[in-house]
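Residues in the sequence shown are numbered consecutively from 23, following the working numbering. For each residue, glycine too, the CB sits at the ideal point set by N, CA and C. A quick write-up on the structure given underneath.
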Amino acid sequence: MAGKQFLCGVCNQPEKMCNCIKYCALCQSDYGVRLTEDGQFYCSDCREACDYKTQDTA
Ligand SMILES: [Zn+2]
Ligand SMILES: [Zn+2]
């Protein structure tokens, strides 16, 4: 199942196209924020803690 696009839950665009203000859904940090499969953005610490994958590591 390769090629699944992660889409921003707000604008429904892939991460590259998304112009939303990005911050972590858990801690509101904007450090290293990336889109994950659930359509929300998480900072690097929260992604690591919760084992969320970005598009390119999934
Ligand atoms: Zn967006
Ligand atoms: Zn966070």
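Around the beta carbon of Cys-65, a 10 Å sphere encloses 16 or more other beta carbons of the protein chains shown; the residue is thus reported as buried. One residue after another in chain order, those with a Cβ under 6 Å from a heavy atom of ligand 1 are Cys-30, Val-32, Cys-33, Gln-35, Cys-40, Cys-42. Using a 10 angstroms sphere on the CB of Glu-70, the tally of other CB atoms stays under 16, which defines it as exposed. Within the same chain, Tyr-64, Cys-68 come within 7 Å of Leu-48 by CB-CB distance, once the 5 residues on both sides are set aside. Taken atom to atom, the span from the alpha-carbon of Cys-46 to that of Cys-33 is near 16 Å.
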